[in-house]
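Engineer: Here you go, one structure.
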Amino acid sequence: MIFEDTFQTLDLQKWQREVRIPLDTESAEFVSYQESPENSYVAGGHLFIVPSLLNMNPDFNEERIRTGELNLSGCKSPTNNEYECRRRAALSTILPPVVSAKLNTKNSFRFRYGRVEIRAKLPKGDWIFPQLLLQPAENYYGYADLASGMLLVAHVLSNEQLITREGIRVDGHRLRGGAILTTKAKLREAFLKANTLDEHFSDNFHTFGLVWKPDSIALTVDGFQYGTLRERFKSYGVTNNLTQANLWNPDNAMSPFDQEFYLSLGVGVGGVTDFPDFSMTGPLRQPKPWNNTSPKAEYFFYQNRNVWFRTWTEPELKVDYVRVYAL
Numbered sequence: 001m002i003f004e005d006t007f008q009t010l011d012l013q014k015w016q017r018e019v020r021i022p023l024d025t026e027s028a029e030f031v032s033y034q035e036s037p038e039n040s041y042v043a044g045g046h047l048f049i050v051p052s053l054l055n056m057n058p059d060f061n062e063e064r065i066r067t068g069e070l071n072l073s074g075c076k077s078p079t080n081n082e083y084e085c086r087r088r089a090a091l092s093t094i095l096p097p098v099v100s101a102k103l104n105t106k107n108s109f110r111f112r113y114g115r116v117e118i119r120a121k122l123p124k125g126d127w128i129f130p131q132l133l134l135q136p137a138e139n140y141y142g143y144a145d146l147a148s149g150m151l152l153v154a155h156v157l158s159n160e161q162l163i164t165r166e167g168i169r170v171d172g173h174r175l176r177g178g179a180i181l182t183t184k185a186k187l188r189e190a191f192l193k194a195n196t197l198d199e200h201f202s203d204n205f206h207t208f209g210l211v212w213k214p215d216s217i218a219l220t221v222d223g224f225q226y227g228t229l230r231e232r233f234k235s236y237g238v239t240n241n242l243t244q245a246n247l248w249n250p251d252n253a254m255s256p257f258d259q260e261f262y263l264s265l266g267v268g269v270g271g272v273t274d275f276p277d278f279s280m281t282g283p284l285r286q287p288k289p290w291n292n293t294s295p296k297a298e299y300f301f302y303q304n305r306n307v308w309f310r311t312w313t314e315p316e317l318k319v320d321y322v323r324v325y326a327l
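Per the working numbering, numbering of the sequence shown is gapless, rising by one per residue and ending at 327.
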C-alpha cells in the first residue's frame with residue numbers, strides 16, 4: 001500500500017481543497033468549488049462532500065446571483081486563468097448557482113500505475129454526479145480539452161430515474177468508469193465501461209476500483225471486474241482528429257496515461273458534458289431544463305431549481321476510505 005486515508009480527520013497535508021470555477025476545458029459544471037467546511041468535512045470516520053445552493057449564503061440573494069460578482073479568495077487556478085477565480089453576472093450569464101467541494105492530492109501524492117480502491121456511498125439527486133477521479137499531475141501533453149487524459153474510478157448520474165430520448169436508462173443505477181481523452185461529446189465516452197444494478201448506487205456503500213497497468217486499465221466494483229481497456233489511445237485519437245493525439249507518445253500504448261496522476265474527490269452538478277440533451281428525469285419524465293450547447297445553459301438550469309432541488313434528499317458523497325497499492 002502506497003497511500004491510505006480512512007478519514008478519522010480531514011488531513012490537509014494529504015488533501016488540498018480546490019478553490020475555483022470550472023471551465024469548459026472540463027465539464028463546465030454549474031458550481032464553484034470552495035473551502036467552506038459546510039461543503040467538505042469529516043464526521044464519524046467518513047469524508048462528506050456536500051453541494052449547496054449559493055443563495056443559501058445571505059451575501060448572495062437572487063438579484064446578486066443575476067447581477068453581482070463572485071470573487072474566490074484563495075483561488076487555485078491550474079492555468080492561472082482569472083475566469084476560474086472571478087465571475088461577473090450580466091444578462092443570461094449568472095453566478096455559479098451551486099457551491100460544492102473538490103479535494104485532491106496533487107501536492108502530496110501522485111503515482112504512475114497501481115491499484116486504486118475507494119469505498120464510498122454516492123450521492124442521490126437530480127443533475128448531481130460524484131467525481132472519483134485520477135487527474136494528470138503535470139498536464140504533460142497539455143491542459144485544454146483534457147489533452148493529458150483523465151481516469152474515472154467511478155461515475156454515475158445521480159438522478160433516481162433518468163432516461164435518454166431513445167429510452168435508455170442512464171441514472172444512478174448505472175456505474176461507469178474508464179478513460180477520457182477529450183470533452184467532445186461522443187468521443188468523450190469511447191473508453192468508458194458500464195455496470196448496472198437493480199438498486200441505486202447511492203443506496204449502499206460500494207468499493208470502486210481501478211487497476212492501472214502499463215498495458216491495460218481494469219474497472220471493478222465490489223470485487224467484480226466489469227471492464228478492461230487495452231486500446232491504443234493514440235491511434236484512436238489520430239483517427240478521430242483529436243489534435244492532442246499528435247503529442248502522445250507513439251511508443252507507449254497507454255499514452256497519455258503514461259505519466260503521473262493524482263487522486264481527486266468531489267461532487268459536480270449540471271455542466272455541459274455529462275447529462276445527455278433531451279433526457280427526461282423522474283416518474284413524470286420531466287425534460288432536462290438546459291441544452292449542453294446553449295450559452296444560457298446555466299441560467300436555464302437555475303430557473304428550474306424549484307423542481308430539481310426537491311430531489312436532493314441525499315446529495316452528499318460519503319467516502320469511507322481511499323487506498324492505493326503498488327502493482
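Backbone N, C-alpha and C define an ideal beta-carbon position, used for all residues, glycine too.
On a predicted model such as this, the values are computed, not experimentally measured, just so you know.
1) Provide the residue span of the alpha helix (DSSP H) that contains W308, from first to last.
2) If we call anything under 8 Å between Cβ atoms a contact, is Y299 one with I128?
3) Is G114 closer than 8 Å to S158 when the C-beta atoms are compared?
4) With H, G and I counted as helix, E and B as strand and the rest as coil, what does DSSP make of Q161?
5) Contact check, T9 vs V42 under 8 Å by CB: the rounded distance?
6) Give me the Cα-Cα distance between L181 and S216, rounded to the nearest whole angstrom.
7) Look up R127 in the DSSP assignment and give the residues it is bridged to.
8) Taking 8 Å as the limit between beta carbons, can you name the residues of its chain near Q225, skipping five residues before and five after?
9) Among W212, T183, V267, which one has its Cα closest to the Cα of G237?
10) If you pair each beta-carbon of the stretch 260-278 with each one of the stretch 310-326, do three or more pairs fall below 8 Å?
11) For a cutoff of 8 Å on Cβ pairs, would you count Q131 as touching chain E?
12) For Q286 and R112, what's the separation of their Cα atoms in angstroms?
13) Look at the alpha carbon of R86 and the alpha carbon of Y262, and state the distance between them as a whole number of angstroms.
14) Out of V99, A89, H206, which has the shortest C-alpha to C-alpha gap to E18?
15) Give the range of the alpha helix (DSSP H) segment to which E117 is assigned.
16) What runs of the beta strand (DSSP E), each 3 residues or longer, lie entirely inside the stretch 3-78?
17) Using a threshold of 8 Å, state whether the C-beta atoms of V211 and D5 are closer than that.
18) Please name the residue, chosen from S108, L146, Y33, that lies closest to C75 on a Cα-to-Cα basis.
19) Just the C-alpha distance for A89 and N55, rounded to the nearest angstrom, thanks.
20) Check whether the stretch 189-201 touches the stretch 171-179, taking contact to mean three or more Cβ pairs, one atom from each stretch, closer than 8 Å.
21) For G172 versus F208, is the C-beta spacing smaller than 8 Å?
22) Starting from I180, follow its DSSP beta bridges and name the residues at the other end.
23) Report whether the distance from the Cβ of S294 to the nearest heavy atom of the ligand MN is below 7 Å.
24) Going by DSSP, what residues sit across from W212 in a beta bridge?
25) Considering only DSSP beta bridges, list what N104 is partnered with.
26) Report the option in A137, A185, S92, P123 whose CA atom is closest to the CA atom of V156.
27) For Y395, write down the residues that DSSP places opposite it in a beta bridge.
28) For L187 and V153, which I take to be in contact (beta-carbon distance under 8 Å), what is that distance rounded to the nearest angstrom?
29) Which whole-angstrom value describes the C-beta separation of K288 and F275, a residue pair presumed to lie in contact below a C-beta threshold of 8 Å?
30) Looking only at its chain, what residues have a beta carbon closer than 8 Å to the beta carbon of I65, apart from the 5 residues adjacent to it on each side?
31) How about K121 and N204: do their beta carbons lie closer than 8 Å?
32) Using three-state DSSP, classify V238 as helix, strand or coil.
33) Contact check, Q259 vs Y140 under 8 Å by CB: the rounded distance?
34) Using the three-state DSSP reduction, which class does F278 fall into: helix, strand or coil?
Structural biologist: On the basis of the supplied data:
1) By 1-based counting over the sequence shown, the position of residue 308 is 308. Segment 305-308, the alpha helix (DSSP H) holding W308.
2) For the purposes of this step, residue 299 is identified with residue 299 of the sequence shown, where counting begins at 1. For the purposes of this step, residue 128 is identified with residue 128 of the sequence shown, where counting begins at 1. Not closer than 8 Å, so no.
3) Start at 1 with the first residue of the sequence shown, and residue 158 comes out as number 158. Start at 1 with the first residue of the sequence shown, and residue 114 comes out as number 114. No.
4) Start at 1 with the first residue of the sequence shown, and residue 161 comes out as number 161. Reduced to three states, the DSSP call for Q161 is coil.
5) Here residue 9 refers to the residue found at position 9 of the sequence shown. Here residue 42 refers to the residue found at position 42 of the sequence shown. Contact holds; Cβ gap of about 6 Å.
6) Within the sequence shown, numbered from 1, the residue matching residue 181 stands at position 181. Within the sequence shown, numbered from 1, the residue matching residue 216 stands at position 216. Distance between the alpha carbons of L181 and S216 is about 15 Å.
7) Here residue 127 corresponds to residue number 127 of the sequence shown, with the count starting at 1. Sequence check: residue 127 is Trp here, not Arg. Paired residue(s): none; W127 is not in a bridge.
8) Counting from 1 along the sequence shown, the entry for residue 225 is found at position 225. Once the five neighbours on either side are set aside, the close Cβ partners of Q225 are A218, L219.
9) Taking the sequence shown and counting its residues from 1, the one referred to as residue 237 is at position 237. When only C-alpha atoms are compared, the closest one is T183.
10) yes
11) Protein chain content of the structure displayed is limited to a single chain, and chain E is not contained in it.
12) What you label residue 286 is simply residue 286 of the sequence shown in a count that begins at 1. What you label residue 112 is simply residue 112 of the sequence shown in a count that begins at 1. Answer to the nearest angstrom: the Cα atoms are 43 Å apart.
13) Counted from its first residue, the sequence shown places residue 86 at position 86. Counted from its first residue, the sequence shown places residue 262 at position 262. Their backbone Cα atoms lie some 26 Å apart in a straight line.
14) Locating residue 18 in the sequence shown gives position 18, counting from the first residue. Minimum Cα distance to E18 is reached at V99.
15) Along the sequence shown, read from residue 1 onward, the residue named residue 117 stands at position 117. No alpha helix (DSSP H) contains E117, which is instead part of the beta strand (DSSP E) from 114-121.
16) 3-5, 31-33, 40-43, 46-49, 69-71
17) Numbered from 1 along the sequence shown, position 211 holds the residue referred to as residue 211. Numbered from 1 along the sequence shown, position 5 holds the residue referred to as residue 5. No, Cβ-Cβ distance for V211 and D5 is not below 8 Å.
18) Locating residue 75 in the sequence shown gives position 75, counting from the first residue. For C75, the nearest C-alpha among the options comes from Y33.
19) Sequence index remark: in the sequence shown, residue 89 carries index 89 (1-based). Sequence index remark: in the sequence shown, residue 55 carries index 55 (1-based). Near 14 Å, if we compare the C-alpha coordinates of N55 and A89.
20) Yes, the stretch 189-201 touches the stretch 171-179.
21) In the sequence shown, counting from the first residue as 1, residue 172 sits at position 172. In the sequence shown, counting from the first residue as 1, residue 208 sits at position 208. No, these two residues do not count as a Cβ contact at 8 Å.
22) On the sequence shown, position 180 is the one that residue 180 refers to. Answer by DSSP bridge pairing, in chain order: M150.
23) Ligands in the displayed structure: none, and consequently the ligand MN is not present.
24) Position 212 of the sequence shown, counted from the start, is the residue given in the question as residue 212. G114, I217.
25) Taking the first residue of the sequence shown as 1, we reach residue 104 at position 104. Bridge partners of N104: Q16, S264.
26) Start at 1 with the first residue of the sequence shown, and residue 156 comes out as number 156. Minimum Cα distance to V156 is reached at P123.
27) Any question about residue 395 goes unanswered here, given that the chain covers just 1 to 327.
28) To locate residue 187, count along the sequence shown from 1; it is residue 187. To locate residue 153, count along the sequence shown from 1; it is residue 153. With 8 Å as the limit, L187 and V153 do not qualify as a contact, their Cβ atoms being about 21 Å apart.
29) Here residue 288 is taken as the residue at index 288 of the sequence shown, counted from 1. Here residue 275 is taken as the residue at index 275 of the sequence shown, counted from 1. Yes, K288 and F275 are in contact; Cβ-Cβ is about 6 Å, under 8 Å.
30) By one-based count along the sequence shown, residue 65 stands at place 65. The residues are L54, N55, A89, I94, L95, P97, Y302.
31) Residue mapping note: residue 121 aligns to position 121 of the sequence shown, counting from 1. Residue mapping note: residue 204 aligns to position 204 of the sequence shown, counting from 1. Cβ atoms of K121 and N204: closer than 8 Å.
32) Taking the first residue of the sequence shown as 1, we reach residue 238 at position 238. Helix at V238.
33) The residue labelled residue 259 in the question sits at position 259 within the sequence shown. The residue labelled residue 140 in the question sits at position 140 within the sequence shown. Right, their Cβ atoms sit about 5 Å apart.
34) Within the sequence shown, residue 278 is the residue found at index 278, counting from 1. Coil.
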